[in-house]
Structures are given as C-alpha cells and as structure tokens.
C-alpha cells in the first residue's frame, strides 16, 4: 500500500477539543501528530480547520521525508495490569474498598482515574 497524503488523511486519529476560556472558541489537536493544532470559534468549524491542518502537516512531513505516526490501535491493549504491592498497601486498599462496597479492582480503578484526570469523579 502506498502511504501518500490520501492514505494518511483516511486514517482515524484521536482528536482532542479544548475550550479556550480566555479568548473564546475552541482549540483542536491530534495528540499523535505533534504540533498539529488549530483554533476556531465553533467546534464544527474547528473540525473543518483541523482537516486542513492535518493535510498541511502530512504534506510537510511527506515532502521533508519525516516519518508520520499512525493512530494508536487501542485494541492492542489488554485492559489488564498486574502490580506487586506491599502487604500494608494491599491491606489498606482492601479495607477502603470494603468500606465503599466495591471490589479492590474497582476501587483501584477509581483512584487511578482521579490521579490521571486530576479531578475526582462521581463516587464509585
């Protein structure tokens, strides 16, 4: 398969949308494509602008011979993580999860989501 502009434009890259609280409008970016970002007054216009930004980004990389990353295939992740814990930490997690009425796995998932997002989610 030829990996040309049409090929890369057909791939489904993750898109992140941020509200611009200072200036108004929205910023959109593809995190896998470093520096591929655009701003617009509306989300709809932002998606149109991002397609143009991706086209320019891909064209510049192809012209300069810079490798283009492909979208991350989420199916490659098993959704499982095995950890070795100190006994005291495991005991504490087990006690806390029992107080919440959930499994240790569910309680750990809750704590990880708070840590990753930086904000407390709805109670478990």
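In my numbering, the protein residues as written are 1 to 124.
Think of the CB as a built atom: it goes at the ideal place given N, C-alpha and C, for glycine as much as any other residue.
Being a predicted model, the structure only gives us computed values, none of them experimental.
Check: Neighbourhood of residue 14 by C-beta, 8 Å cutoff - its chain only, sequence neighbours within 5 removed; Outcome: 30, 31, 32, 71, 72
Check: Distance CB(residue 36)-CB(residue 54) smaller than 8 Å; Outcome: yes
Check: Residue 39: first and last residue of the uninterrupted beta strand (DSSP E) it sits in; Outcome: 37-40
Check: Integer Cβ distance of residue 102 from residue 93, believed to fall under 8 Å; Outcome: Wrong, their Cβ atoms sit about 11 Å apart, outside the cutoff.
Check: Whole-number beta carbon distance between residue 50 and residue 28, since they are thought to touch under 8 Å; Outcome: 5 Å
Check: Residue 9 versus residue 78 - alpha carbon distance; Outcome: 28 Å
Check: C-alpha distance - residue 116 paired with residue 110, whole-angstrom precision; Outcome: 10 Å
Check: Proximity to residue 11 [Cα-Cα], best of 43, 68, 83; Outcome: 68
Check: Own chain partners of residue 126 with C-beta closer than 8 Å, once the 5 adjacent residues on each side are dropped; Outcome: Nothing can be reported for residue 126: it is not among the residues displayed for the chain, which extend from 1 to 124.
Check: Three-state class that DSSP yields for residue 102 in the structure shown; Outcome: coil
Check: Residue burial classification, residue 118 (beta-carbon count within 10 angstroms, cutoff 16); Outcome: exposed
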